[in-house]
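Take 154 as the starting number for the sequence shown in the working numbering and just add one per residue. Note that CB positions come from ideal geometry on N, CA and C, so glycine has one too.
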Amino acid sequence: MSRENRQLLALLVITFFAFVIHNGVLDANIMEARNLVTAREILQTHNWLVPTMNGVLRLEKPPLPTWIAAFMMHIFGQDSLAILRIPAALSAMLLVFFLYNLTKELTRDEHLPLLAGGTVATSFYIFFMARTITWDIFCHSFMLGAIWMLYRGWNRKEKAWKEFMWAGILMGLSFLSKGPVSFFALLLPFLIAFFVAYGFSGVKLQWKPLMVALGILLAFSTWWPLYIYFLHPEFSTYVAEKESAAWMNRSVHPWYHYWSFPVQSGIWALPAAAAVIIPYARKKIGQFGNYKFLALWVWAAVILLSSFPEKKERYLMPVLIPLALITAYYFRYLMHAFKEKEHTKADTILYSIQGYLVGLVGFALPLAVMYHNHRFNDGLSLGLQIIILVVFWAIGGYVVRSTYRKKAFRLWSGTVVLIMAFCLLVIPSARNFFQKNPDYRPYNDLRHMEKVQNMPFYFNGPVPGKFIQVVWSSGHLIQYWDTSNATGTPVVTPLVVMTHEPPEDVFNESFKEKYDFESLGHYDLDMKKKDGIKIFSNYVTIIRMKQDTP
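1) If you draw a straight line from the C-alpha of V552 to the C-alpha of V569, how long is it?
2) Going by other Cβ atoms of all chains shown within 10 Å of its Cβ, with 16 needed for buried, is D658 buried or exposed?
3) Applying the criterion that 16 or more other CB atoms from any shown protein chain within 10 Å of the CB defines a buried residue, is D289 buried or exposed?
4) For the beta strand (DSSP E) that V649 lies in, which residues bound it at each end?
5) T556 by DSSP, collapsed to three states: which one?
6) Return helix, strand or coil for A316, following the three-state DSSP convention.
7) Taking DSSP as the reference, what is the three-state secondary structure of G674?
8) Compute the distance between the beta-carbons of A574 and F545, then report whether it is under 8 Å.
9) Would you mind working out which of P216, S327, S335 and L268 sits nearest Y468, comparing C-alpha positions?
10) Within a Cβ cutoff of 7 Å, which residues of the same chain sit near A453, ignoring the five residues on either side of it in sequence?
11) Nearest by alpha-carbon distance to W450: which of V472, E463, W634 and A186 is it?
12) For A480, collect the residues of the same chain with a Cβ closer than 6 Å to its Cβ; drop the 5 residues on either side in sequence, then sort them by chain order.
13) Considering only their Cβ atoms, is the gap separating L370 from I286 smaller than 8 Å?
14) Are the C-beta of F670 and some C-beta of chain B separated by less than 8 Å?
15) Using a Cβ-Cβ cutoff of less than 7 Å, which residues in the same chain neighbour L379 once the five nearest sequence positions on both sides are dropped?
16) Between V605 and V649, is the Cβ-Cβ spacing less than 8 Å?
17) Would you mind sorting V645 into buried or exposed? The rule is 16 or more other CB atoms within 10 Å of its CB.
18) May I ask which residues mark the beginning and end of the beta strand (DSSP E) holding N691?
19) Where do the N-terminal and C-terminal ends of the alpha helix (DSSP H) with I174 fall, by residue?
20) Can you find at least 3 beta carbon pairs, one from the stretch 521 to 531 and one from the stretch 482 to 492, that sit closer than 8 Å?
21) How is G685 classed by DSSP in three states: helix, strand or coil?
22) Between F388 and L630, is the Cβ-Cβ spacing less than 8 Å?
23) Whole angstroms are fine: how far does the CA of P386 sit from the CA of G685?
24) Please report how far the alpha carbon of K361 lies from the alpha carbon of K312, in whole angstroms.
25) Given L323, which residues of its chain have a CB within under 8 Å of its CB, disregarding the five upstream and five downstream residues?
26) Looking only at its own chain, which residues have a Cβ that is under 7 Å from the Cβ of Y596, when we skip the five neighbours before and after it?
27) What is the rounded straight-line gap between the Cα of F170 and the Cα of W565?
28) For K498, which of I540, L447, I548 and K559 has the nearest alpha-carbon?
29) DSSP state of E662, grouped into three classes?
30) Nearest CA to the CA of V203: which residue from W307, N308 and I381?
31) Under 8 Å, with one C-beta from each stretch per pair, do the stretch 306 to 321 and the stretch 428 to 447 reach the 3-pair mark?
32) In its own chain, which residues sit with a C-beta less than 6 Å from the C-beta of M184, not counting the 5 before and 5 after it?
33) With DSSP collapsed to three states, give me the class of V623.
34) For V405, does the three-state DSSP call read helix, strand or coil?
35) Please report the distance separating the alpha-carbon of F516 from that of P615.
See below:
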């Protein structure tokens with residue numbers, strides 16, 4: 154087997170552990186719920202072009218990830234969240250594959266493609282987003298593929314028609330996944346870094362293929378927004394104004410909020426931070442690649458994202474891609490420097506801190522799991538606890554030994570294996586760590602409860618944003634019903650109503666004289682009991698006219 158095939162096989166194994174295994178442990182978050190509810194209603198209404206979410210037009214996001222979710226739901230049903238998340242995992246695998254191949258274009262070094270692919274796959278926010286079926290992982294994965302094609306095309310001595318055609322297709326798919334987000338957060342920083350570092354000579358040669366790419370991009374990306382605009386012009390304008398206002402007025406943070414960005418790479422935070430400190434890393438990494446290009450790509454992305462008032466940690470995901478790349482180059486330098494004894498005191502200090510910290514994680518993590526299991530009775534068997542202890546202490550010992558002997562590649566590989574072991578052995582118990590609500594009861598059984606299948610569902614309050622997770626869990630569209638002083642029901646009974654308080658305390662006496670209540674129980678989707686937050690906590694009741702009661 155060739156070196157390239159061995160590396161690709163290794164990355165396949167790494168990404169399977171990082172993105173796929175045990176990916177259904179946690180409930181759908183709010184972003185997933187929005188996507189999945191919209192996908193479910195596409196199948197229910199058979200309207201793929203004008204999606205709705207809980208019965209209301211859902212045009213804020215382009216539909217490609219939702220179409221993918223709807224296709225998976227059509228084939229496999231909606232009960233297995235792990236299966237519905239598979240497309241996100243496959244998209245993340247594509248991202249790793251694209252970065253691996255981009256790195257091969259950037260260098261002829263035999264180690265760097267594997268280092269880049271493995272580092273990005275195990276960067277915290279990358280493997281977190283790969284485990285959720287939302288928009289971000291799709292748009293940035295497609296855009297990274299387009300960047301690979303653009304770089305490849307601009308470095309050809311002849312017209313690169315195929316490369317630019319693929320670039321146009323992939324950019325179009327990125328736009329259909331989340332609009333212009335990845336163009337601003339990933340493509341624009343790449344273009345700034347590329348043109349500053351390499352100049353415009355490739356662009357002059359490839360301007361005709363580039364025009365073809367832009368034409369394909371326009372064809373792919375504009376047809377759905379134009380269709381929606383002509384069909385719902387007023388709503389389209391409202392959505393555009395709403396999204397623009399959100400960028401300026403929602404989740405506002407100071408300009409320096411993102412400048413702790415290396416932390417989002419998780420276990421790679423220290424070497425990532427070292428790699429982007431220009432005075433320290435420029436000459437070291439410059440031995441193996443164009444440091445100006447690598448550092449500019451990272452810093453341009455951070456500066457551009459910092460220029461908008463709205464800031465959320467997940468928006469940093471596109472920064473982690475070039476950050477993983479430059480981190481891989483830093484590890485490649487360490488491999489060379491320790492082998493040839495060209496390392497500096499600063500190299501040794503940073504390397505030792507990183508290695509011994511990772512080793513400490515390996516030793517401490519199983520003890521933390523055992524302590525948590527003992528204190529909260531998580532139900533982990535003694536055998537599994539022993540396996541976790543043996544595996545992580547073995548990895549920790551390997552990492553510490555590699556650190557002491559200054560074997561940088563072994564430290565890197567030990568860190569990757571630590572993340573894989575975490576995904577295999579610890580993530581299944583993560584639910585026990587988060588679930589502290591003794592009243593936790595998801596709404597899932599309402600999906601298949603035969604008696605309510607044809608009944609309309611109502612909620613006695615305005616449906617706030619996070620309530621969409623209840624909508625997804627229950628499997629039903631849930632409409633608003635103002636029950637204060639209600640004298641009748643909004644539709645002919647029977648119907649199902651969700652109320653924060655017991656229905657006997659919600660409805661007035663005259664209403665209770667006309668209707669009978671059949672309790673289906675109390676449901677609570679909140680994994681941690683939070684006083685004063687009742688969005689997820691509801692009594693579910695069937696209401697019937699007294700003469701309709703069987």
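This is what the structure gives:
1) Take the alpha-carbon of V552 and the one of V569: they are about 11 Å apart.
2) exposed
3) buried
4) L648 to T652
5) T556 falls in the helix class under three-state DSSP.
6) Reading off the sequence, residue 316 comes out as Glu, not Ala. In the structure shown, E316 sits in a helix (DSSP, three-state: H, G or I).
7) strand
8) Their beta carbons are under 8 Å apart, which means A574 touches F545 by this criterion.
9) S335
10) Correct list, in chain order: P342, I345 and A346.
11) V472
12) The residue you asked about is not Ala; residue 480 is Thr in the sequence shown. Cβ neighbours of T480 beyond the five flanking positions: T272, W421, P424, A425 and A428.
13) no
14) The chain inventory of the structure shown lacks chain B, comprising one protein chain alone.
15) none
16) yes
17) exposed
18) S690 to M698
19) Where I174 is concerned, there is no enclosing alpha helix (DSSP H), given that its DSSP letter is neither H nor E.
20) no
21) Per-residue confidence for G685 stands at a pLDDT of 48, beneath the threshold of 50, marking its modelled position as unreliable; no derived number is given.
22) no
23) In this prediction, G685 scores a pLDDT of 48, lower than 50, which makes its location untrustworthy; the coordinate-derived value is nonetheless stated afterwards. Their Cα atoms are separated by approximately 40 Å.
24) Put simply, the backbone Cα of K361 is about 8 Å away from that of K312.
25) F295, M296, G298, A299 and M302
26) V623, S626, S627, Y676 and L678
27) F170 and W565 have their C-alpha atoms some 16 Å from each other.
28) K559
29) Here E662 sits in helix by DSSP.
30) I381
31) no
32) T287
33) The answer is helix: DSSP assigns V623 an H, G or I state.
34) Here V405 sits in strand by DSSP.
35) 49 Å
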